[in-house]
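This report refers to the structure that appears directly beneath it.
Protein chains: 2
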Amino acid sequence: MNLESSPLITALQASGHRITRQRRVVLEVLEESREHLDAESLYWKARQRAPRISLATVYRTVAVLKQMGLIAEYSLGEEHGHFEAVPETPHYHFTCLGCGRVVEFDAPQVDRAVQELAERENLEIRAVQFSLTGYCARCRAGGPDGR
Amino acid sequence: MNLESSPLITALQASGHRITRQRRVVLEVLEESREHLDAESLYWKARQRAPRISLATVYRTVAVLKQMGLIAEYSLGEEHGHFEAVPETPHYHFTCLGCGRVVEFDAPQVDRAVQELAERENLEIRAVQFSLTGYCARCRAGGPDGR
DNA sequence: TTGTAAATGAGAATCATTCGCAAAAAACAA
DNA sequence: TTGTTTTTTGCGAATGATTCTCATTTACAA
Ligand SMILES: [Mn+2]
Ligand SMILES: [Mn+2]
Ligand SMILES: [Zn+2]
Ligand SMILES: [Zn+2]
Numbered sequence: 216m217n218l219e220s221s222p223l224i225t226a227l228q229a230s231g232h233r234i235t236r237q238r239r240v241v242l243e244v245l246e247e248s249r250e251h252l253d254a255e256s257l258y259w260k261a262r263q264r265a266p267r268i269s270l271a272t273v274y275r276t277v278a279v280l281k282q283m284g285l286i287a288e289y290s291l292g293e294e295h296g297h298f299e300a301v302p303e304t305p306h307y308h309f310t311c312l313g314c315g316r317v318v319e320f321d322a323p324q325v326d327r328a329v330q331e332l333a334e335r336e337n338l339e340i341r342a343v344q345f346s347l348t349g350y351c352a353r354c355r356a357g358g359p360d361g362r
Numbered sequence: 216m217n218l219e220s221s222p223l224i225t226a227l228q229a230s231g232h233r234i235t236r237q238r239r240v241v242l243e244v245l246e247e248s249r250e251h252l253d254a255e256s257l258y259w260k261a262r263q264r265a266p267r268i269s270l271a272t273v274y275r276t277v278a279v280l281k282q283m284g285l286i287a288e289y290s291l292g293e294e295h296g297h298f299e300a301v302p303e304t305p306h307y308h309f310t311c312l313g314c315g316r317v318v319e320f321d322a323p324q325v326d327r328a329v330q331e332l333a334e335r336e337n338l339e340i341r342a343v344q345f346s347l348t349g350y351c352a353r354c355r356a357g358g359p360d361g362r
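One line per chain: the protein sequences are Y and L, in this order.
Just remember that the working numbering sits 215 ahead of the position in the first sequence, which is counted from 1.
Just remember that the working numbering sits 215 ahead of the position in the second sequence, which is counted from 1.
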């Protein structure tokens, strides 16, 4: 019988995956981070707790955590993905091309539109990618770094 | 004075770009194609009309055509972009993970949501990325290639 | 404990996209 | 036309992100 029992442990066991330090650490870092981390930053942060972890393992790990539904990957205008622990309330992102700031927002109308489409066309939606880019209020005003 | 005058010519001149065979050809291929082409396919199709065109030029060209608003680039679940001549009626895409089919649809509710957000948060939206992936009706039924 | 399958680290490989630079083509003026 | 100037192009090398290979280590069930 198992003395440990966290969402991670549970999910890993349920999916027949092994519980490794690397997997714990990657998820922890993501849960404690208030920002959206890309693989590289995730790698450096994870290193502090699992000094020998490799970048390849970070990629392998985010893949399984994602597939288990514990983390989400977003495409935020950059050429690489960003990760975040799956939040209580789902949301979408706007990324400022000027300062890089990310504004999170929810959009039930979008969720509804997706569901309607799925029903009407008989589709099984597996992933919704919705993100915006542009200039934030501050940058529009000639903000911190001008535009 | 110029005898030629197409949207492309006009746009190129307006933006101070030169009119080259490569630019004509890339746009033509895109306009005549009913599918969303990625850089590589675009390259091979363009080669038939401009045999010495290079892949680098295809990339450079889609960049300017995009910036001129003549074509659009989409992220359809794959790791590379897809291009399409900007359509009369804007639309979004659903890509089937089983058969690759792309279903196009419009979603005024989404457009509205974006506009509301922009106003409320005072954002200047430059690009909206909205695309879905999953399984199409045919594939769900155990379609053409099973799932 | 031990045996076995799964996971990891390190580096090579792959893919998409971008760069650098010399040669070719467009725009312009004469 | 012709020559001059400036942009584009082609080609191959470079880059950045992600995946793969494979020998070694680890998890964990028996
Ligand atoms: Mn977020
Ligand atoms: Mn389309
Ligand atoms: Zn900003
Ligand atoms: Zn399908």
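The beta-carbon is built from N, C-alpha and C at its ideal position, and this holds for glycine as well.
In this text, all values refer to a predicted model and were calculated from it rather than measured experimentally.
Consult DSSP for residue i and reduce its assignment to one of helix, strand or coil.
| i | result |
| --- | --- |
| Cys354 of chain Y | helix |
| Arg264 of chain Y | coil |
| Ala322 of chain L | coil |
| Leu245 of chain Y | helix |
| Ser221 of chain Y | coil |
| Val279 of chain Y | helix |
| Arg362 of chain L | In this predicted model, Arg362 of chain L has a pLDDT of only 47, less than 50, meaning its place in the structure is not dependable enough to derive any value. |
| Arg236 of chain Y | helix |
| Thr310 of chain Y | strand |
| Thr369 of chain L | Because chain L is modelled from 216 through 362, residue 369 of chain L falls outside the range shown and cannot be assessed. |
| Arg341 of chain L | strand |
| Ser256 of chain Y | helix |
| Glu370 of chain L | As displayed, chain L neither begins before 216 nor continues past 362, which places residue 370 of chain L out of reach and without an answer. |
| Glu250 of chain Y | coil |
| Tyr289 of chain L | strand |
| Val329 of chain L | helix |
| Glu299 of chain L | strand |
| Met216 of chain L | For Met216 of chain L, the pLDDT reaches just 43, beneath the cut-off of 50, and the residue's location in the model is therefore unreliable, although a value from the coordinates is still provided. Met216 of chain L falls in the coil class under three-state DSSP. |
| Ser230 of chain Y | coil |
Is any non-hydrogen atom of ligand 4 found closer than 7 Å to the C-beta of residue i, if you look at the structure I gave you?
| i | result |
| --- | --- |
| Cys354 of chain L | yes |
| Val313 of chain L | Reading the sequence as shown, one finds Gly at residue 313 of chain L and not Val. Result yes, Cβ under 7 Å from ligand 4. |
| Arg316 of chain L | yes |
| Cys363 of chain Y | Outside the modelled stretch of chain Y, which goes from 216 to 362, sits residue 363 of chain Y, for which no answer is possible. |
Taking residue i as the query, report the chain Y residues whose CB atoms sit under 8 Å from its CB, ordered along the chain.
| i | result |
| --- | --- |
| Gln324 of chain L | Gln324, Val325, Arg327, Ala328 |
| Gly349 of chain L | Ala333, Leu338, Glu339, Ile340, Arg341, Ala342 |
| Val318 of chain L | Glu336, Leu338 |
| Leu312 of chain L | Arg341 |
| Ser290 of chain L | Ser290, Gln344 |
| Ala352 of chain L | Glu336, Asn337, Leu338 |
| Phe309 of chain L | Leu332, Glu336, Leu338, Ile340 |
Just to check, is the beta-carbon of residue i closer than 7 Å to a non-hydrogen atom of ligand 3?
| i | result |
| --- | --- |
| Arg341 of chain L | no |
| Tyr289 of chain Y | no |
Strictly below 9 Å CB to CB, what residues from chain L border residue i?
| i | result |
| --- | --- |
| Arg355 of chain Y | Asn337, Leu338, Glu339 |
Regarding residue i and ligand 5, is the C-beta to nearest heavy atom distance less than 7 Å?
| i | result |
| --- | --- |
| Leu280 of chain L | Because ligand 5 does not appear in the structure shown, any question about it cannot be addressed here, the ligands present being ligand 1, ligand 2, ligand 3 and ligand 4. |
So residue i contacts chain L; which residues on that side make the cut at Cβ distance below 7 Å?
| i | result |
| --- | --- |
| Ala271 of chain Y | Near Ala271 of chain Y there are no residues of chain L at all, since even the closest Cβ is about 17 Å away, more than 7 Å. |
Do the stretch 329 to 336 of chain L and the stretch 306 to 324 of chain Y meet, that is, are 3 or more Cβ pairs less than 8 Å apart? yes
With three or more C-beta pairs closer than 8 Å as the rule, is the stretch 218 to 237 of chain L touching the stretch 252 to 271 of chain L? yes
For the stretch 252 to 263 of chain Y against the stretch 302 to 317 of chain Y, do three or more pairs of beta-carbon atoms, one drawn from each stretch, fall closer than 8 Å, so that the two count as touching? no
Assess, as a yes-or-no matter, whether the stretch 293 to 308 of chain L is touched by the stretch 284 to 297 of chain Y under the definition of 3 or more beta carbon pairs within less than 8 Å. no
Between the stretch 276 to 285 of chain Y and the stretch 299 to 309 of chain L, do three or more beta carbon pairs fall short of 8 Å? At 8 Å Cβ cutoff, the stretches do not touch.
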